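Chains as they are written, first to last, in this note's numbering: chain A, 12 to 121; chain B, 8 to 122. Down below is the structure, laid out as structure tokens.
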Amino acid sequence: GQSLEQPSEVTAVEGAIVQINCTYQTSGFYGLSWYQQHDGGAPTFLSYNALDGLEETGRFSSFLSRSDSYGYLLLQELQMKDSASYFCAVVSGSARQLTFGSGTQLTVLP
Amino acid sequence: DAGITQSPRHKVTETGTPVTLRCHQTENHRYMYWYRQDPGHGLRLIHYSYGVKDTDKGEVSDGYSVSRSKTEDFLLTLESATSSQTSVYFCAISDERVGGSYEQYFGPGTRLTVT
């Protein structure tokens with residue numbers, strides 16, 4: 012089976028940098044994805060790491076270490092609109108299905 | 008907009024009744040998925056499909072069945088609804104993208120309440 016662990020809550024101020032960690036135990040691993048979900052909305056894709064290293068997309072970066080079964084999402088220059096839940100998810104299986112962590116609620120304070 | 012819709016968006020039903028939720032896509036994506044989301048559990052995979060009439064069970068499939076007779080439609084049926092199936096249900100679609108990423112696009116969700 013699969014299991015993922017991530018912090019339940021993180022709080023930071025506008026303009027700051029925050030890192031959300033994710034550790035996983037899995038079989039049939041293809042990669043690690045990150046999704047953002049605002050209250051009442053649908054999850055939206057942020058990033059995907061299949062190989063070790065850092066992937067950067069604007070203010071967001073994601074890192075993966077396959078040997079450590081560990082990844083993180085780095086959010087820079089935080090804005091109020093970044094307040095949301097962030098989910099790490101293992102990509103596995105014949106249909107590249109997702110197994111999600113329980114999510115990290117990020118609150119950005121002014 | 009990934010061209011994915013869900014219907015109904017909200018439904019209240021009674022225990023023991025069958026319920027069918029519909030997911031419709033206009034993107035011709037190969038893979039389709041049904042998830043449920045409950046507080047404290049994130050999203051959990053119910054069933055998924057990797058083509059017409061090709062479906063398989065996910066993590067929490069008990070009490071649910073699916074059908075995919077056309078590429079664009081993926082139906083989720085609760086055979087006999089129970090209060091434990093009160094949840095928000097999300098459909099998602101996916102296909103292989105350049106670079107090997109299997110980004111999933113999610114529908115707006117269906118809020119189901121079983122009384």
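Positions of the beta carbon are idealized from the N, C-alpha and C atoms, including for glycine. It should be emphasised that the depicted structure is a prediction, and the values quoted were computed from it without experimental measurement.
### Query
Contact between the region 18 to 29 of chain B and the region 39 to 53 of chain A: three or more CB pairs below 8 Å?
Fewer than three Cβ pairs drawn from the region 18 to 29 of chain B and the region 39 to 53 of chain A lie within less than 8 Å of each other, which leaves the two stretches out of contact.
### Message
Using 7 Å as the threshold, is the C-beta distance between A:N60 and A:L75 below it?
### Response
The sequence position of residue 60 of chain A within the first sequence is 49, counting from 1. The sequence position of residue 75 of chain A within the first sequence is 64, counting from 1. Pairing A:N60 with A:L75 gives a Cβ-Cβ distance under 7 Å.
### Query
On the three-pair Cβ rule with 8 Å, is the region 73 to 93 of chain B touching the region 14 to 31 of chain A?
No, they do not touch.
### Strand pairing of B:H31, partner residues [DSSP]
Locating residue 31 of chain B in the second sequence gives position 24, where the first residue counts as 1. Looking at the DSSP assignment, B:H31 forms a beta bridge with B:T12 and B:D80.
### Task
Report the residue from A:L86, A:Y35 and A:D50 whose alpha carbon sits nearest the alpha carbon of A:G69.
Within the first sequence, the letter at position 58 stands for residue 69 of chain A. That would be A:L86, whose Cα lies nearest to the Cα of A:G69.
### Element boundaries [beta strand (DSSP E), containing B:M39]
The count along the second sequence starts at 1 and reaches residue 39 of chain B at position 32. Element bounds for B:M39: Y38 to D45.
### Query
Quick one: Cα of B:I53 to Cα of B:V67, how far?
Start at 1 with the first residue of the second sequence, and residue 53 of chain B comes out as number 46. Start at 1 with the first residue of the second sequence, and residue 67 of chain B comes out as number 60. Approximately 5 Å, taken between the alpha carbons.
### Task
Output, in chain order, the set of chain B residues within a Cβ distance shorter than 7 Å of A:V101.
Numbered from its first residue, the first sequence carries residue 101 of chain A at position 90. The contacting residues do not exist; A:V101 stays about 11 Å from chain B at best.
### Task
Report all residues from its chain with a CB closer than 7 Å to the CB of B:G58; omit the five preceding and five following residues, and keep chain order.
Stepping through the second sequence from its first residue, residue 58 of chain B is reached at position 51. Cβ within range, chain order: R37.
### Task
Give the DSSP-derived three-state secondary structure of B:S91 in the structure shown.
For the purposes of this step, residue 91 of chain B is taken as residue 84 along the second sequence, with counting starting at 1. In the structure shown, B:S91 falls within a helical segment according to DSSP collapsed to helix, strand and coil.
### Query
Taking C-alpha atoms, which residue in B:Y109, B:L50, B:F113 and B:L28 lies nearest to A:V102?
Here residue 102 of chain A corresponds to residue number 91 of the first sequence, with the count starting at 1. The candidate whose alpha carbon is nearest that of A:V102 is B:Y109.
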